[in-house]
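Participant: Following my numbering, the numbering of the sequence shown begins with 140 at its first residue and continues without gaps.
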Amino acid sequence: MKITCIGAGYVGGPTMAVIADKCPDIDVTIVDLNAQRIAQWNDDDLSNLPVFEPGLSDVVAKTRNRNLFFSTDVENAIREGDIIFIAVNTPTKTYGVGKGMAADLKYVELCARQIAEIAHGEKIIVEKSTLPVRTAQSLKTILSNNAKNLSFQVLSNPEFLAEGTAVQDLYHPDRVLIGGDQTPEGLKAIETLTSIYARWIPRERIIQTNVWSSELSKLTANSFLAQRISSINSISALCEQTGANVSEIAKAIGTDSRIGSKFLQASVGFGGSCFQKDILNLVYLCRYFNLPEVADYWEHVIKMNDYQKRRFANKIIETLFNSVSGKKITCLGWAFKKDTNDTRESAAIYVTTALLRDKAEIHVYDPKVTPEQIYADLDYMKQHHRSNDMTGIAGDMTTKELKDLVHVHNEPYEAMDKAHAIALLTEWEEFSSYDWEAIYNKMYKPAFVFDGRNLLQKDKLSKIGFEVYTIGN
Ligand code: NAD
Ligand code: UGA
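(1) Below 8 Å between beta carbons: does that hold for Ala486 and Phe414?
(2) Please state the DSSP three-state secondary structure of Thr530.
(3) Would you tell me roughly how many angstroms separate the C-alpha atoms of Thr530 and Tyr504, rounded to the nearest one?
(4) Measuring only the C-alpha atoms, how far is Thr479 from Ser601?
(5) For Arg342, count neighbouring Cβ atoms within 10 angstroms of its own Cβ and tell me buried if that reaches 16, exposed if not.
(6) Tell me which residue opens and which closes the beta strand (DSSP E) that Tyr423 is part of.
(7) Count the C-beta pairs between the stretch 460-480 and the stretch 392-404 that are closer than 8 Å, then say yes if the count reaches three, no if not.
(8) Take the Cβ of Ser572 as the centre, count every other Cβ of all protein chains shown within 10 Å, and call the residue buried at 16 or more, exposed below.
(9) What is the rounded straight-line gap between the Cα of Thr348 and the Cα of Ser277?
(10) Based on Cα-Cα distance, which residue from Cys250, Ile418, Asp518 and Met240 lies nearest to Thr359?
(11) Kindly indicate which three-state DSSP category Gln292 falls into: helix, strand or coil?
(12) Which residues in the same chain as Asn420 place their Cβ atom closer than 6 Å to its Cβ, once the five residues preceding and following it in sequence are excluded?
(13) Is any heavy atom of the ligand NAD found at a distance shorter than 7 Å from the C-beta of Asp308?
(14) Can Ile145 be considered in contact with the ligand NAD, in the sense that its beta carbon sits closer than 7 Å to one or more heavy atoms?
(15) So, are the CB atoms of Leu294 and Val265 less than 8 Å apart?
(16) Select from Ile513, Lys477, Lys467 and Lys507 the residue whose C-alpha is nearest the C-alpha of Tyr489.
(17) Determine the closest residue to Asn461 out of Ile142, Glu432 and Lys498, with distance taken between C-alpha atoms.
(18) Counting C-beta neighbours from all protein chains within 10 Å, is the total for Gly260 16 or more, i.e. buried, or is it exposed?
(19) Among the residues of its own chain, which have a CB less than 8 Å from the CB of Asp598, if the five just before and after it don't count?
(20) With 16 other CB atoms within 10 Å as the buried threshold, where does Gln175 fall?
(21) Among the residues of its own chain, which have a CB less than 6 Å from the CB of Ala586, if the five just before and after it don't count?
(22) Which word fits Phe570, buried or exposed, when buried means at least 16 other C-beta atoms lie within 10 angstroms of its C-beta?
(23) Inspect the beta-carbon positions of Glu379 and Gly591 and report whether they are closer than 8 Å.
(24) Rounded to a whole number of angstroms, what is the C-alpha to C-alpha distance between Thr168 and Ala558?
(25) Looking only at C-alpha atoms, which of Glu550, Arg397 and Ile222 sits nearest to Ala328?
(26) Can you give the Cα-Cα distance for Leu188 and Pro431, rounded to whole angstroms?
(27) When the Cα of Trp351 is compared with those of Glu330, Gly319, Thr381 and Ile368, which residue comes out closest?
(28) Expressed to the nearest angstrom, what Euclidean distance is found between the alpha-carbon atoms of Gly220 and Val440?
(29) On the three-state DSSP scale, how would you describe Lys476?
(30) Under a three-way DSSP split, which group does Ile169 fall into?
(31) Run the proximity test for Ser268: is its beta-carbon closer than 7 Å to any non-hydrogen atom belonging to the ligand NAD?
(32) At the level of alpha carbons, what is the spacing between Ala383 and Glu553?
(33) Check this for me: beta carbons of Phe224 and Cys144, under 8 Å apart or not?
(34) Do Thr269 and Lys357 count as a contact pair if the criterion is CB distance below 8 Å?
Structure follows, in structure tokens:
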């Protein structure tokens, strides 16, 4: 048996590397149109892999060119693969019908058309990307109208890994979900895919459903997770007005086993490529199916997140005597969470944009994110942000002006030298081990710290002399 995966990104790369590790008898080929990305996956120097994930380079080192292959030859991989995973990106549409809400399925459709054109014989096509419910129907329509001599089944097998813990999550998932047609052929395909995961995952953790439940479970899971963060963040605002402490509340409610303790960390706001995208997609679907109350309900999870990011940026501006113009603000962290180099939808981008609009001078340090990525994120924000009211320097600042105001450092102390304030935006652990006394001595006074992750020890910093703002306390 051979496996092909189209899309060598944050999902395709780690997922297939773990399958290759656990199934040494199966050849796994990951293909991508992006030649640079494939070259990075094939780089002898494993620190150049395009995705940074703890433990990933070890798995790639063990499997690459044994039974794991990275290639740009999409056609050949489609021809050879018995199981073809589609793990391409499905971003929010930035144009036309559904702009700013619906998932853009053009990359998925392209894969389906290419499979239809090239594939022969028997194939199992697996939706690994996160897709709106009923996408499998569109794939089937494209395939059956265009393919020749192809007998196929479409399965939904959404991925639940979180970045930063992807490798752990893939080796020890809470569950694997496989949806397929409830026909003899569909059930057989479900069983084939199940037997692959069953090599390392107990069968009782492999959930089999119909296709629509599987597709919709993924959107639902992400919406529930994001909802918890918006819920605790909403309470953090009330804590700040009342003297309650959001961390104490999270602990107090989290010990109720019905609520559970995970995902109750108040923050500057959730980021990442998926939570916002998937909720917007869910909201769009609800409106499409004429369920406005359901759509409004879920849309508030995003509105609360926008509010939290805006609230944090405004807090900085207000505290610095209502203007940050010409002041040096240091952003510690740019990634959307620790242990990843991914910056998509990172709260840091929004907070920085709001500060730039107030003419701050921004200095950034992140242990894993490159300057090119940071400038690209700000540029993207200028062009594509879905709502202008959020922060949007949109349009009114040239790329050059932006670069003049944003400085990226590869050393943290230099980034904080002579700063007016520090905004901690990603919970990288190294931040808590810095010499905060030395940092204090080199900052303008009052020296402000805005801890958007409640990572630092507030008492210790206050004792040094810092003015410290934390979320919900
Ligand atoms: P990504 O942008 O990192 O990777 C997608 C890759 O697909 C890119 O390298 C792109 O060049 C490639 N691609 C696009 N069209 C192609 C085509 N026609 N042929 C060949 N290659 C093509 O995206 P990602 O983060 O890996 O996410 C992929 C999907 O998985 C999305 O639907 C996402 O919602 C879902 N997902 C992501 C995560 C996550 O943590 N990032 C977790 C679970 C699910
Ligand atoms: C999330 C889900 O956790 C995965 O199950 C899912 O597969 C994935 O989305 C996806 O579909 O892409 P990910 O976005 O990688 O994973 O990371 P999370 O750990 O969920 O964090 C998302 C954001 O929420 C981060 O910005 C994080 O800092 C923030 N967060 C998380 C909080 O602010 N508080 C918390 O308690 C937890």
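Just so you know, even glycine gets a beta-carbon here, dropped at the ideal spot from N, CA and C.
Facilitator: Taking the structure as given:
(1) no
(2) With a pLDDT of only 45 at Thr530, under 50, the local geometry of the prediction cannot be trusted, and no value is derived from it.
(3) Annotation note: pLDDT 45 at Thr530 (below 50); position unreliable, no value reported.
(4) 30 Å
(5) exposed
(6) From DSSP, Tyr423 is part of no beta strand (DSSP E) but of the alpha helix (DSSP H) over Phe414 to Tyr427.
(7) Not touching, per the Cβ criterion.
(8) exposed
(9) 19 Å
(10) Ile418
(11) strand
(12) Ala242 and Pro271
(13) no
(14) yes
(15) yes
(16) Tyr489 has its Cα closest to that of Ile513, out of Ile513, Lys477, Lys467 and Lys507.
(17) Ranking Ile142, Glu432 and Lys498 by Cα distance to Asn461 puts Lys498 first.
(18) exposed
(19) none
(20) exposed
(21) Tyr579 and Phe605
(22) buried
(23) no
(24) Between Thr168 and Ala558, the alpha-carbon positions lie close to 49 Å from each other.
(25) Ile222
(26) The alpha-carbon atoms of Leu188 and Pro431 are separated by roughly 44 Å.
(27) Gly319
(28) Near 40 Å, if we compare the C-alpha coordinates of Val440 and Gly220.
(29) Lys476: coil per DSSP, three-state reduction.
(30) Look at Ile169 here: in three-state DSSP terms it is strand.
(31) In this structure, Ser268 has its CB closer than 7 Å to one or more heavy atoms of the ligand NAD.
(32) 36 Å
(33) yes
(34) yes
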